[in-house]
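A short worksheet on the structure shown next.
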Amino acid sequence: MLPSLDPASSTGLVLLPALKITALLATGYAVDRALSPPNPPPAPKTCIDNRTLFERAIRHVTFCSKMLTWVIVLCDALATLHLAAPTSITLPLASVLLPASLASLPAPSAGSPAALPASSPPSAPTLPVLAYSIVAPPSSIPPTLSTSMSLYPHLTPTALVMIQPHLFLLFGAALALWGAALRVACFRALGPLFTFELTISPTHRLVTDGPYAWVRHPSYAGVYAVLLGASAVMVAPGAWLREAWLAPSLCAASSWAGSIIPAVGAAPALSSTDGMTLTAAELLASRGGAGFCGGDVGVSAVRTVLAWAFVAFWTTKVVYALRSTNRRLGTEDAELRRVFGAQWEEWAGRVPWALVPWVF
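Residues in the sequence shown are numbered from 12 upward in steps of one, following this note's numbering.
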């Protein structure tokens, strides 16, 4: 969490979700900008090594990456907005995106966010908080989370985690933006010569300035940064995909392990918002199965299948794209060396790094 933004104030409660939503939208823009071709496809006869599946489908692969990223970040942004400020406008979509226990959260009162009727029972700690209690003492729970739990009891611990941008999410967004900026610099340096397809036109010239003065293949370094950054944003702690769709499936799987939970009876105690102290084992034992998972085990079955199918598809696509572009490095160098000869040799002598200066 971000220790510099204090959620103890109403300003902090607003700034944290706003920062997360901004990072999500920036990630979507970065992926879209970096993977949008700056020029139309070249004539097929000018393409090099267009027999591979990747070369033939590269524009479809990039389009798929853009659309999937936009779907995930927009869903995450909407879920964050609903959790931070639930309204009748966000509720219909939130009821699809979030488990019922989160989608139907009451809105904070106008006077004090912490004010709840005396008869309202405190929410039992859920999976994200239990993860801390099982492996570490309560004193190690992030200050922003423990403070928010006491000041905003209308939000469950899961919701509190989801409205605050984790540092890993911010790092992923920054990495994606940096990669997109590098790609745009390459678009401008090459101008009409930049195509997603591997090609050398009759009017081709060897560009050695701009980002190409530092590494020979900066556009691929940008692709790696964009895809890895977007992946980090999607699965960072507090991300919608992770907390609302993936975590419940893991949570439901814990129901069959109820017989071994007492083995962690010595786990450190976790204080709830009403002052009661429970060990993680006691809490799990008292709220196993559907209760522990918020009562959404059956409803989340479709979400579980879709979420893990997306993870498998995205991972396969990213690995395939990174592997295929990495194979391109040697092909491009060989072709440029063949066409430009001594000019390429001189450039490669000055710029020996393919992707990262002084590293690779």
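Ideal Cβ placement from N, Cα and C applies to all residues, glycine included.
No experiment lies behind these values; they were computed from the predicted model shown.
In whole angstroms, give me the CA-to-CA distance for residue i and residue j.
{"i": "residue 214", "j": "residue 198", "result": "17 Å"}
{"i": "residue 363", "j": "residue 205", "result": "21 Å"}
{"i": "residue 320", "j": "residue 88", "result": "21 Å"}
{"i": "residue 237", "j": "residue 359", "result": "26 Å"}
{"i": "residue 39", "j": "residue 170", "result": "23 Å"}
{"i": "residue 77", "j": "residue 184", "result": "15 Å"}
{"i": "residue 113", "j": "residue 84", "result": "18 Å"}
{"i": "residue 228", "j": "residue 255", "result": "38 Å"}
{"i": "residue 232", "j": "residue 106", "result": "39 Å"}
{"i": "residue 312", "j": "residue 335", "result": "34 Å"}
{"i": "residue 343", "j": "residue 104", "result": "46 Å"}
{"i": "residue 97", "j": "residue 67", "result": "45 Å"}
{"i": "residue 241", "j": "residue 178", "result": "14 Å"}
{"i": "residue 75", "j": "residue 203", "result": "24 Å"}
{"i": "residue 86", "j": "residue 337", "result": "31 Å"}
{"i": "residue 115", "j": "residue 327", "result": "35 Å"}
Measure from the alpha carbon of residue i to the alpha carbon of each residue in the options, then state which is nearest.
{"i": "residue 82", "options": "94, 68, 35, 53", "result": "35"}
{"i": "residue 315", "options": "351, 184, 257", "result": "257"}
{"i": "residue 355", "options": "219, 109, 188, 171", "result": "219"}
{"i": "residue 239", "options": "325, 202, 345", "result": "325"}
{"i": "residue 332", "options": "361, 216, 70, 318", "result": "70"}
{"i": "residue 50", "options": "201, 107, 186", "result": "201"}
{"i": "residue 235", "options": "329, 217, 352", "result": "329"}
{"i": "residue 251", "options": "44, 109, 43", "result": "109"}
{"i": "residue 80", "options": "166, 187, 343", "result": "187"}
{"i": "residue 365", "options": "340, 336, 351", "result": "340"}
{"i": "residue 259", "options": "111, 224, 212", "result": "111"}
{"i": "residue 192", "options": "41, 115, 336, 243", "result": "41"}
{"i": "residue 322", "options": "67, 244, 217", "result": "244"}
{"i": "residue 352", "options": "93, 223, 216, 248", "result": "216"}
Counting only the same chain and skipping the five closest in sequence on each side, list residues whose C-beta sits under 6 Å from that of residue i.
{"i": "residue 30", "result": "176"}
{"i": "residue 181", "result": "34"}
{"i": "residue 28", "result": "91, 95, 174"}
{"i": "residue 303", "result": "With a pLDDT of only 42 at residue 303, under the threshold of 50, the placement of this residue in the model should not be trusted; the figure read from the coordinates follows. Closer than 6 Å at Cβ, skipping near neighbours: no residue."}
{"i": "residue 32", "result": "88, 91"}
{"i": "residue 129", "result": "For residue 129, the predicted structure reports a pLDDT of 36, less than 50, and the residue's modelled location is therefore unreliable. A value from the coordinates is still provided. Excluding residues within five positions, none has a Cβ falling inside 6 Å."}
{"i": "residue 2", "result": "Look at the range of the chain in this structure, 12 to 371, and you will see that residue 2 is not part of it."}
{"i": "residue 348", "result": "355"}
{"i": "residue 93", "result": "101, 105"}
With a 10 Å radius around its C-beta and 16 neighbouring C-beta atoms as the bar for buried, classify residue i as buried or exposed.
{"i": "residue 190", "result": "buried"}
{"i": "residue 261", "result": "exposed"}
{"i": "residue 369", "result": "exposed"}
{"i": "residue 372", "result": "In this structure the chain extends from 12 to 371, so residue 372 is not present and cannot be described."}
{"i": "residue 357", "result": "exposed"}
{"i": "residue 318", "result": "buried"}
{"i": "residue 167", "result": "buried"}
{"i": "residue 253", "result": "buried"}
{"i": "residue 44", "result": "buried"}
{"i": "residue 226", "result": "buried"}
{"i": "residue 221", "result": "exposed"}
{"i": "residue 367", "result": "exposed"}
{"i": "residue 350", "result": "exposed"}
By Cβ distance, which residues of its chain are closer than 8 Å to residue i, with the 5 residues on each side in sequence left out?
{"i": "residue 73", "result": "46, 47, 48, 207"}
Just to confirm my understanding: we take residue i, look at its own chain, exclude 5 residues before and 5 after, and list those with CB closer than 7 Å. What are they?
{"i": "residue 230", "result": "194, 197"}
{"i": "residue 223", "result": "200, 229"}
{"i": "residue 248", "result": "172, 177, 179"}
{"i": "residue 37", "result": "184, 188"}
Would you say the beta carbon of residue i is closer than 7 Å to some non-hydrogen atom of the ligand GTP?
{"i": "residue 186", "result": "In the structure on display, the ligand GTP does not appear, and there are no ligands present to speak of."}
4 or more residues per run - each alpha helix (DSSP H) lying fully within the region 155 to 209: 168 to 174, 178 to 201
Taking only runs that begin and end inside the region 62 to 121, name each unbroken alpha helix (DSSP H) of 4 or more residues, in chain order. 64 to 95, 102 to 108, 111 to 114
Exercise. Where in the region 329 to 370 do unbroken runs of the alpha helix (DSSP H), each at least 4 residues long, occur, reported from the N-terminal end onward?
Worked result: 353 to 361
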